[in-house]
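Peer 1: My questions all concern the structure below.
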Amino acid sequence: MSDEAIELFARELAAEVDDAVHSGTGSIYSEEEFTRIVLDRLGDEGAVENPILLWQEGHFARTKYKITGYSIPDDEERLLLVTTVHTGELPPRALTRDEILGAFQQAVKFYECSCKGLHTKIEPSNTDASELARRIYEARERISVLRVVLISDGLTGLKSVDIKEAFDGTRVIVDLFGIERLHRILGQGLRRDDIVVEFDTELGSPLPCLKASGSGADYDAYLTAIPGALLADIYEKYGTRLLELNVRAFLGLRGRKSVNAGLRATIREVPHRFLAYNNGIVATVDAMDIKDLGQGHVGIKSVRGLQIVNGGQTTASLHRAKRQDGAKLDGITVPAKIIRVGGAELDEMVAAVSRSANSQNTVQPADFSANDPFHVAVEKLANNTWLADGKGRWFYERARGSYGAAELKASFAAAQKRRFAHETPKERRFSKTDLAKHLNAWEGLPHQVSFGNQKNFQFFMQSLKDEHPDGFEPDVDWYKAFIAKAILFRTVQSIVRGKKFPAYQANIVAYTVAHLSWCTGGRIDFELIWTRQAISAELREILETWVGKIDSALRQSAGNRMVSEWAKKVECRDAIREISLDLPDDLPPELSAQTARSGNGRSVVRNDGLTRRDIELIDKCRSIDAETWLKVAQWGSKSKKLHWKVAGIARTMGEYAIGGWERSPSAKQAKWAMEAYATAEKERALDRPSP
97 MSDEAIELFA RELAAEVDDA VHSGTGSIYS EEEFTRIVLD RLGDEGAVEN PILLWQEGHF
157 ARTKYKITGY SIPDDEERLL LVTTVHTGEL PPRALTRDEI LGAFQQAVKF YECSCKGLHT
217 KIEPSNTDAS ELARRIYEAR ERISVLRVVL ISDGLTGLKS VDIKEAFDGT RVIVDLFGIE
277 RLHRILGQGL RRDDIVVEFD TELGSPLPCL KASGSGADYD AYLTAIPGAL LADIYEKYGT
337 RLLELNVRAF LGLRGRKSVN AGLRATIREV PHRFLAYNNG IVATVDAMDI KDLGQGHVGI
397 KSVRGLQIVN GGQTTASLHR AKRQDGAKLD GITVPAKIIR VGGAELDEMV AAVSRSANSQ
457 NTVQPADFSA NDPFHVAVEK LANNTWLADG KGRWFYERAR GSYGAAELKA SFAAAQKRRF
517 AHETPKERRF SKTDLAKHLN AWEGLPHQVS FGNQKNFQFF MQSLKDEHPD GFEPDVDWYK
577 AFIAKAILFR TVQSIVRGKK FPAYQANIVA YTVAHLSWCT GGRIDFELIW TRQAISAELR
637 EILETWVGKI DSALRQSAGN RMVSEWAKKV ECRDAIREIS LDLPDDLPPE LSAQTARSGN
697 GRSVVRNDGL TRRDIELIDK CRSIDAETWL KVAQWGSKSK KLHWKVAGIA RTMGEYAIGG
757 WERSPSAKQA KWAMEAYATA EKERALDRPS P
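Per our numbering, the very first residue in the sequence shown carries number 97; after that it's consecutive.
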């Protein structure tokens, strides 16, 4: 990693921060914009799980505290607090020890003060900061690990600091994300760069191992046995980030005969037999340091970028037994195969290792996302679908870092560099997590989007596999509609940033997009947005009035709960779904001229001249459940109170509802269906069992 490469990355990042500040769409403070940009990108890379920007500083008694962001995993056993040191200096300089210690200590003080009741002192109450402080106070007995992430545009070194007993028994881990580490993760795509295990430090000597790969192999493989206590400690430090390339999640301890219950019994009753009973783990690493121990023996000093691709249940079971059962793990060793794969081949190799290592379970190809046929097809569509002017297209970054690689390849000739920048500018780049986020928001799943990019993507892939077990191959119409959804989502994003909401911007964006889909029945002229590569001024004006109301609705419906956590609940989705947001009498062109689509995405009919009343009727139709529609249809047919065609429309609405409203009614269908519903209500047919 050269100094020139780090300086170039620092200058590019500084320019991005300056552009954001001067654009007027974000904060006027460079430090805050730097924090926002870096946290967004660390979240995209999976280096930080669902980070939330939150700027809070003050005093508690005589103690000064400050944080710039946070993240709380679902299990509440870990807490991540962010602190920022922004120098604004180029070329980047090394931070002083006092700068690092000061920022770290102020973040830890926020945690300590929260555990002592800071939430009662922050004014005004019910703010984002007081909610976080209250959440920490309520979970203080469960939080075992505090991770402080210090981000900076200065040089900090690459090492983390692990303080086993820092405050009231809490383990504190300080991760220094200086400009050199940000370059490794964001510039080079090493998202697991901070997952480091130093065996010689933890064990007092390198971990003995046996090299199993031949000299001609394109990887290095070592066989070893890892002490169970160390493996549990590693899991406590890094959590499920160790398993992010694993195809299986920890399945819990349900049932006496489950695999994990068996592991638990072995750990508690016959720990000395664990090695004999357990298959062990398979892990990959980005880099490893091997030491010659003499007499033909070698040992592993350290590894970087550790990923457990098989054996996640074993690892999590050991940690749970230690943490919840108080089990002693001293006599347990876990057999392990550790594989080092280099560079761009890593993701592909890990997928192959995972597929083979997990062959005893049902593992679908969709679990290995980058090479899934769906994503390959989207990449092909992106490469071959040109904009209406024929001079530009969007770039799908199917494999992480592929845009940078393409940009570098084009940079060797000035003409090619200009052509690449014109055809596929950075603002028309989208990743796998972007794709999942844009689609799930429009599909009315903002609560799922609120879980963060990585979990939302996993949900998207699982849903895709469930809905299309034989695979789904998108076509050009599907792709153009998706890009229109992406444009819509990003427009709302820019509106929300421009409004400078202090927190929960990602939640506001997702729920605003979902609400537009809900109130229009998902019927919008995507072809028009694709052609223009922008939404109309009229639609933008509507969305600008909506985002504030969505923000208020999220906060009010949350009550005493943290908005960021409430936004993940189905109950939140249902509550926001019910609020009323007005549409103007003169609808924007995207809504007044809509294209209905069949399930495969092909255009089948065009409805021109829709009115606000049409939209409202469609929305009302979709709010009525399938059972009610079928009851209306059955009553209308038997009583002859409805024309047989109208009864048929009511039955069709029931079928649409059963299908989750994947198909939406037309304006005419909605009109006749709601008249049928009103007639059934007037005749009190819905108050008694169907005849």
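Where is the CB? At the ideal position from N, CA and C, for every residue including glycine. As the structure is a prediction and not an experimental result, all values here were calculated from the model.
Just grab the DSSP bridge partners of residue 81 for me.
Peer 2: Because the chain is modelled from 97 through 787, residue 81 falls outside the range shown and cannot be assessed.
Peer 1: Ordered along the chain, which non-local residues of its own chain (more than five positions away) have a Cβ less than 8 Å from that of residue 491?
Peer 2: 478, 499, 502, 520, 524, 525, 526
Peer 1: Over what stretch of residues does the beta strand (DSSP E) that includes residue 270 continue unbroken?
Peer 2: Membership of residue 270 in the beta strand (DSSP E) is indicated by the continuous run 266-273.
Peer 1: What residue from 187, 743, 212, 726 has the CA that sits closest to residue 733's CA?
Peer 2: Of the candidates 187, 743, 212, 726, the one whose C-alpha sits nearest the C-alpha of residue 733 is 743.
Peer 1: Please list the terminal residues of the continuous alpha helix (DSSP H) segment that includes residue 603.
Peer 2: 601-616
Peer 1: To the nearest angstrom, how far is the alpha carbon of residue 534 from that of residue 175?
Peer 2: 28 Å
Peer 1: Decide if residue 676 is buried, meaning its Cβ has at least 16 other Cβ atoms within 10 Å, or exposed.
Peer 2: Using a 10 angstroms sphere on the CB of residue 676, the tally of other CB atoms stays under 16, which defines it as exposed.
Peer 1: With the cut-off set at 8 Å, would you say residue 432 and residue 377 are in Cβ contact?
Peer 2: yes
Peer 1: Rounded to the nearest angstrom, what separates residue 181 and residue 126 at their Cα positions?
Peer 2: 11 Å
Peer 1: Got a sec? Which residues, its chain only, sit under 7 Å from residue 393 by beta carbon, not counting five neighbours each side?
Peer 2: 304
Peer 1: Near residue 482, which residues of its chain fall below 6 Å by C-beta distance, leaving aside the five closest residues on each side in sequence?
Peer 2: Answer for residue 482: 489, listed in chain order.
Peer 1: In the structure shown, what three-state DSSP assignment does residue 433 receive?
Peer 2: strand
Peer 1: What runs of the beta strand (DSSP E), each 3 residues or longer, lie entirely inside the stretch 465-501?
Peer 2: 491-493
Peer 1: Taking residue 620 as part of the beta strand (DSSP E), name the residues at either end of that continuous run.
Peer 2: That residue, residue 620, is in no beta strand (DSSP E); it is neither H nor E in DSSP.
Peer 1: Could you check what DSSP says for residue 416 in three-state terms: helix, strand or coil?
Peer 2: Three-state result, residue 416: helix.
Peer 1: How long is the line joining the alpha carbons of residue 552 and residue 139, rounded to whole angstroms?
Peer 2: Residue 552 and residue 139 have their C-alpha atoms spaced approximately 12 Å apart.
Peer 1: Do residue 196 and residue 241 have their beta-carbon atoms positioned less than 8 Å apart in this structure?
Peer 2: no
Peer 1: What first and last residue would you give for the alpha helix (DSSP H) that runs through residue 224?
Peer 2: 224-234
Peer 1: For a quick check, are the C-beta atoms of residue 321 and residue 437 less than 8 Å apart?
Peer 2: no
Peer 1: Determine the DSSP secondary structure at residue 118, reduced to helix, strand or coil.
Peer 2: helix
Peer 1: With DSSP run on the structure shown, which of helix, strand or coil describes residue 709?
Peer 2: helix
Peer 1: With burial defined as no fewer than 16 other Cβ atoms inside 10 Å of the residue's Cβ, what is the status of residue 281: buried or exposed?
Peer 2: buried
Peer 1: Considering only the beta carbon of each residue, do residue 726 and residue 750 sit closer than 8 Å?
Peer 2: yes
Peer 1: Identify the continuous beta strand (DSSP E) that holds residue 154 and give its terminal residues.
Peer 2: 148-156
Peer 1: Can you grab the Cα-Cα spacing for the pair residue 601 / residue 729, in whole Å?
Peer 2: 43 Å
Peer 1: Could you please give the first and the last residue of the uninterrupted alpha helix (DSSP H) stretch that includes residue 406?
Peer 2: Looking at the DSSP string, residue 406 is not in any alpha helix (DSSP H); the run it does join, the beta strand (DSSP E), is 403-406.
Peer 1: Relative to the alpha-carbon of residue 337, which residue among 412, 326, 317, 366 has its alpha-carbon at the smallest distance?
Peer 2: The shortest Cα separation from residue 337 among 412, 326, 317, 366 belongs to 412.
Peer 1: Beta-carbon within less than 7 Å of residue 668's beta-carbon, same chain only, minus the 5 sequence neighbours each way: which residues are those?
Peer 2: These residues qualify, in order along the chain: 543, 653, 662.
Peer 1: Could you say if the stretch 131-151 and the stretch 296-313 meet the contact criterion of at least three C-beta pairs nearer than 8 Å?
Peer 2: Two segments are said to touch when three or more pairs of C-beta atoms, one from each, lie closer than 8 Å; by this definition the stretch 131-151 does not touch the stretch 296-313.
Peer 1: Does DSSP put residue 718 in a helix, a strand or coil?
Peer 2: The three-state secondary structure of residue 718, taken from DSSP, is helix.
Peer 1: Spell out the partners DSSP gives residue 242 in its beta bridges.
Peer 2: Per DSSP, 175, 268.
Peer 1: In the DSSP output, which residue or residues are listed as bridge partners for residue 166?
Peer 2: 148, 177
Peer 1: Helix, strand or coil for residue 322, going by three-state DSSP, please let me know.
Peer 2: Annotated three-state conformation of residue 322 is strand, per DSSP.
Peer 1: For residue 542, which three-state DSSP category applies?
Peer 2: helix
Peer 1: Do the CB positions of residue 548 and residue 425 come within less than 8 Å of each other?
Peer 2: no
Peer 1: Count the other CB atoms within 10 Å of the CB of residue 248; is the residue buried (16 or more) or exposed (fewer)?
Peer 2: By the neighbour-count rule (16 or more Cβ atoms within 10 Å), residue 248 is buried.
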